[in-house]
Amino acid sequence: MSKNLEKTYSPSDIEDRLYQKWIEKKYFHAEVDENKKPFTIVIPPPNVTGRLHMGHALDETMQDIIIRFKRMQGYSALWLPGTDHASISTEVKVIEKLKKQGIDKKDIGREGFLKETWDWTHEYGGAIVEQLKKLGSSCDWDRLRFTLDEGCSKAVEEVFVKLYEKGLIYKGSRIINWCPVCKTSISDAEVEHEEHAGHFWHIKYPIVGEEGRFVQIATTRPETLLGDTAVAVNPEDERYTDIIGKTVMVPFVNREIPVIADSYVDKEFGTGVVKITPAHDPNDFEVGKRHNLPELNVMNDDATINAMGGKFEGMDRYEARKQMVAELDEMGLLVKVEDHSHNVGTHDRCKTVVEPLIKPQWFVKMDELIKPAVEAVKSKEIELIPERMEKTYFNWTDNIRDWCISRQLWWGHRIPAYYCDKCSEVVVSKEQPETCPKCGHNHLTQDEDTLDTWFSSALWPFSTLGWPDNTKELEYFYPTDVLVTGYDIIFFWVIRMIFSGFEHMGEKPFKTVLFHGLVRDSQGRKMSKSLGNGIDPLEIIAEYGADALRLTLITGNAPGNDMRFYMERVEASRNFANKVWNASRFIMMNMEKAEIPETIDLSELTLADKWILSKKNALVKEVTENMEKYDLGIAVQKVYDFVWEEFCDWYIEMVKPRLYNDEDTTKMAALWTLKTVLIDSLKLLHPYMPFVTEEIFCTLQDKEESIMVSEWPVYDEAFNFNTDEEAVELIKAAVKSIRNVRAEMNVPPSKKATVIVVTEDDAVAQTFNTSKVFFATLGYASEVIVQSDKEGISQDAVSTVIPNATVYMPFAELVDIEKEIERLQKEKARLEGELKRVNGMLNNERFMSKAPEAKVAEERAKLENYTNMMAQVEERLQQLS
RNA sequence: GGAGUCAUAGCUCAGCAGGGACGAGCGUUCCCCUCACACGGGAGAGGUCAUGGGUUCGAGCCCCAUUGGCUCUACCA
Numbered sequence: 011m012s013k014n015l016e017k018t019y020s021p022s023d024i025e026d027r028l029y030q031k032w033i034e035k036k037y038f039h040a041e042v043d044e045n046k047k048p049f050t051i052v053i054p055p056p057n058v059t060g061r062l063h064m065g066h067a068l069d070e071t072m073q074d075i076i077i078r079f080k081r082m083q084g085y086s087a088l089w090l091p092g093t094d095h096a097s098i099s100t101e102v103k104v105i106e107k108l109k110k111q112g113i114d115k116k117d118i119g120r121e122g123f124l125k126e127t128w129d130w131t132h133e134y135g136g137a138i139v140e141q142l143k144k145l146g147s148s149c150d151w152d153r154l155r156f157t158l159d160e161g162c163s164k165a166v167e168e169v170f171v172k173l174y175e176k177g178l179i180y181k182g183s184r185i186i187n188w189c190p191v192c193k194t195s196i197s198d199a200e201v202e203h204e205e206h207a208g209h210f211w212h213i214k215y216p217i218v219g220e221e222g223r224f225v226q227i228a229t230t231r232p233e234t235l236l237g238d239t240a241v242a243v244n245p246e247d248e249r250y251t252d253i254i255g256k257t258v259m260v261p262f263v264n265r266e267i268p269v270i271a272d273s274y275v276d277k278e279f280g281t282g283v284v285k286i287t288p289a290h291d292p293n294d295f296e297v298g299k300r301h302n303l304p305e306l307n308v309m310n311d312d313a314t315i316n317a318m319g320g321k322f323e324g325m326d327r328y329e330a331r332k333q334m335v336a337e338l339d340e341m342g343l344l345v346k347v348e349d350h351s352h353n354v355g356t357h358d359r360c361k362t363v364v365e366p367l368i369k370p371q372w373f374v375k376m377d378e379l380i381k382p383a384v385e386a387v388k389s390k391e392i393e394l395i396p397e398r399m400e401k402t403y404f405n406w407t408d409n410i411r412d413w414c415i416s417r418q419l420w421w422g423h424r425i426p427a428y429y430c431d432k433c434s435e436v437v438v439s440k441e442q443p444e445t446c447p448k449c450g451h452n453h454l455t456q457d458e459d460t461l462d463t464w465f466s467s468a469l470w471p472f473s474t475l476g477w478p479d480n481t482k483e484l485e486y487f488y489p490t491d492v493l494v495t496g497y498d499i500i501f502f503w504v505i506r507m508i509f510s511g512f513e514h515m516g517e518k519p520f521k522t523v524l525f526h527g528l529v530r531d532s533q534g535r536k537m538s539k540s541l542g543n544g545i546d547p548l549e550i551i552a553e554y555g556a557d558a559l560r561l562t563l564i565t566g567n568a569p570g571n572d573m574r575f576y577m578e579r580v581e582a583s584r585n586f587a588n589k590v591w592n593a594s595r596f597i598m599m600n601m602e603k604a605e606i607p608e609t610i611d612l613s614e615l616t617l618a619d620k621w622i623l624s625k626k627n628a629l630v631k632e633v634t635e636n637m638e639k640y641d642l643g644i645a646v647q648k649v650y651d652f653v654w655e656e657f658c659d660w661y662i663e664m665v666k667p668r669l670y671n672d673e674d675t676t677k678m679a680a681l682w683t684l685k686t687v688l689i690d691s692l693k694l695l696h697p698y699m700p701f702v703t704e705e706i707f708c709t710l711q712d713k714e715e716s717i718m719v720s721e722w723p724v725y726d727e728a729f730n731f732n733t734d735e736e737a738v739e740l741i742k743a744a745v746k747s748i749r750n751v752r753a754e755m756n757v758p759p760s761k762k763a764t765v766i767v768v769t770e771d772d773a774v775a776q777t778f779n780t781s782k783v784f785f786a787t788l789g790y791a792s793e794v795i796v797q798s799d800k801e802g803i804s805q806d807a808v809s810t811v812i813p814n815a816t817v818y819m820p821f822a823e824l825v826d827i828e829k830e831i832e833r834l835q836k837e838k839a840r841l842e843g844e845l846k847r848v849n850g851m852l853n854n855e856r857f858m859s860k861a862p863e864a865k866v867a868e869e870r871a872k873l874e875n876y877t878n879m880m881a882q883v884e885e886r887l888q889q890l891s
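According to my numbering, numbering within the first sequence proceeds without interruption in unit steps and concludes at 891.
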């Protein structure tokens, strides 16, 4: 195998090839394995006909990171993929497509329409899956599921029948949200409330039997007056006590309706009189039930006025409104029109203003089902990350209403209810009944409606594992471990999966829910088609690589928070991938001639080796802990910092003199350390950046065939070298000081000089003595001399102070004494500030008595350090002046 | 109406468990094309952690109020 890499990392050259290899090797496939612990994630199924957007990219990246991590840790890690049939959205798309051909869905009938939709699904359904692969998603594609496939459909029927038999599903005529464009009912969760500028019309209704007397009502929707069956006042409202029980006349339809008293009416709002339209308003519906009012539906399914509306019949609701207002004005019944801004419910798919209508629909009774779901989150049996999402969760569960699950659509799971053609008996059954159990008639017709899409997704964590059959997968992989999803579907999906899990499996569907936020554009706006500000993940992948995209999406973002996406961040991620690539390239170039041993005797390691190995060891521990808590962004940030700063900028630089010198007896130790640290770093990075790490890993070594099935690094006590760590930190401080001085003095980088370290501390002297070689390189020094006094150092040498030592550089001809004094005075001022702070704390009695001892000791050590440095600085100043 | 959330460097954001303003990326200033990387290296500048109180020996981090932005939720006709 060639040990050469190109100078610049080019993702497009390797990604598809590596993904193909992973598929062929079946690395993504998880099996029931009693020797391993299971770890399971089920994918939030994207719409089958959808296209990958940034939201998916974020969601999938998080899941892939977790599953790759767990796989490397030795779990039987299953990431179960699938797609959702997305009833309304898919049906609407197909309807539009047909419309272009001049076809209405009714023309081709249910069967014809379903055939069209299946064709469409097959044609476009593969795209989203292929796009997920581009991201590097390590889903077990052998187990790909679809909410409308046979297994999921079986689960849906099973659940429907079971809940019906328990009395938890019922059919009832209730007021529901109706979309006049999609011509279907929708659930409360699908209604979006938008602020609309509207009007408040004040209208007079004549009181019957009292010539010239009126009640004045105020309404935002005058057209519904056609369906009024009462007007209501507050029973406490003294203005109106005398008219309670009287009747008033509804204009246009000349219907006599009663004045009723109901505490629902707010005395302070409007005129204090409310028209009651039970068939077109949810509140009025409730009032109507309390007072036994008739429910008069005045609208058709497309929101035009029906025959009940008299001369307005056939007009659209808004057209009728306009007409009616004009006529009321003419009749002198319109008192005034006020501007009034109010919230209007719209359908989240098509933005049409929802029309509340009374329709026979199927409902799931929620009050009992929700209880275990509430309890599980309260008791932390299910953990929500971040925790604050619990508030959103409870906000919904505390106000739970029955779930309207029937949809007047064809694309979806048809409701398994059958009606006897003869006696109208209802039979709910998994199979088409032969005969009516009541009258024995031999023909029953299935309900025309289908189920809400979320009805099937609610079962996803177990239907995908084979339920209702008792499969070995279900036994092994359920409950799943973590659900990764956006906070925007807590109500639609998360809650419904939780109660479904408890109801049907008797157990929670997942242990943890990890929420992420929305991906916004660089200005913080939602990415949307209409704004045209969406960024296509696939284009980013093509240009910068999947690794760069993944890293961008995962860094600098806390769980549940929205994030802004902009190209500079992608470039930064790409640069990091390139950095890793080049560090690896450097190491491999140096490895070419040498055979690196498997293990090494610790005594062969130098100070620097031990330092970086210690650092790496600590990193492994921290990163593992962070990842186990799903702190993915924090974890990768730590690896990023370690690789770029500690490993590349310090260790590799320190080690160069040893590599370039074949005589150096520690060269092998350096190579061994480089390789060891690199491999572990690659492993830590692999979940985040699967492609670049795999490519390097496979070029770097040939013992293992893939990093994705290699073992996750573990913390090793044998590689903790605390004293060596401190020593190297001291050298780093010295080097930084020297560089600083050189830069400030404008010493050209090419100018090498002698560096004299003066210290009375034996340990410090020892450190510098043993590290002269790399120290020299890093500090641009030609030579390093360590001594215990200032003998032989010219008076005009530049100096810099580090703890327990002073570093001198004789740049005689370059140095400007004035400037040097200025520099030292700046340093003195800084130290004075530090001393003031430390002394302030240490002189505070209450601090001394109450603060933990460790903290006090820490501050004391600082005091000593600063005092020491201050003395050195002052001494230098005295010498110079 | 209710709830949540944010306000930290010029910009976008981290900051896990209250203990030196701790940061990152980008931008910016100066010096370097040094044989892994200019998608790079080195050295800087830049912050009263929104405002006002409180708790604490000590607060960006906890509590209360205020201001401003965002989001969710809700039946004010």
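Just so you know, even glycine gets a beta-carbon here, dropped at the ideal spot from N, CA and C.
Since we're looking at a predicted model, the values are computed, not measured.
The continuous beta strand (DSSP E) containing W188 extends over residues I179 to C189. For the pair of segments examined, the stretch 315 to 326 was found not to touch the stretch 290 to 297: the number of CB pairs separated by less than 8 angstroms stays below three. The continuous beta strand (DSSP E) containing I795 extends over residues A791 to Q797. Counting along the chain, no alpha helix (DSSP H) covers I500, and no H or E run does either. For C162, the enclosing alpha helix (DSSP H) covers residues E160 to E175. Between F156 and V275, the gap from beta carbon to beta carbon reaches 8 angstroms or more.
Closest by C-alpha distance to R668, out of H350, D252, T616 and L695, is T616. In the three-state reduction of the DSSP assignment, F49 falls in the strand class. Nearest neighbour of K448 by Cα position, chosen from S434, T460, Q456 and G182, turns out to be S434. If you look at S809, you'll find it in the beta strand (DSSP E) that goes V808 to I812. By alpha-carbon distance to I98, the top candidate from L62, C360 and P91 is C360. Between W211 and V347, the gap from beta carbon to beta carbon is short of 8 angstroms. Residue pairing of R155 in beta bridges, as defined by DSSP: G92.
One thing to note: T495 has its Cβ within 8 angstroms of the Cβ of V504. Counting the other CB atoms within 10 Å of its CB gives L612 a total below 16, which places it among the exposed residues. Looking at I186, A861, M577 and D619, the one whose alpha-carbon comes closest to that of K369 is I186.
For A468, there is no enclosing alpha helix (DSSP H), as DSSP marks it with neither H nor E. Selection T777, S473 and T522 evaluated against T93 yields S473 as nearest (Cα-Cα). For Y429, the beta-bridge partners assigned by DSSP are V436 and T455. Proximity to N750 across Y790, T230, R331 and V436 peaks at Y790, based on C-alpha coordinates.
Taking C-beta separations shorter than 7 angstroms and ignoring five residues to either side along the sequence, the partners of I644 in its chain run N636, following chain order. Annotation: N849 to A861 spans about 15 angstroms, alpha carbon to alpha carbon.
For D349, there is no enclosing alpha helix (DSSP H); the enclosing beta strand (DSSP E) has its first and last residue at L344 to H357. Contact annotation: K277 and N244 have beta-carbon atoms nearer than 8 angstroms. Per DSSP, the beta-bridge partners of K285 are V241.
Around the beta carbon of K620, a 10 Å sphere encloses 16 or more other beta carbons of the protein chains shown; the residue is thus reported as buried.
When rounded, the separation of the alpha-carbon atoms in M664 and F784 is 5 angstroms.
Judged by beta-carbon spacing, Q371 lies beyond the 8 angstroms limit of R506, meaning their Cβ atoms are not closer than that value. With at least 16 other beta carbons inside 10 angstroms of its own, P190 counts as buried. With respect to R584, S532 sits apart: the two C-beta atoms are not nearer than 8 angstroms.
With 16 or more other Cβ atoms from the protein chains shown falling within 10 Å of its own Cβ, K625 counts as buried. The three-state secondary structure of H206, taken from DSSP, is strand.
Between W188 and V364, the beta carbon gap of about 6 angstroms places them in contact (Cβ cut-off 8 angstroms). Taking 8 angstroms as the cut-off, the beta carbon of M376 is found no closer than this to the beta carbon of D557. DSSP places K713 outside both helix and strand once states are collapsed to three, so it counts as coil. Considering only A313, R579 and D408, the residue with the shortest C-alpha distance to G566 is R579.
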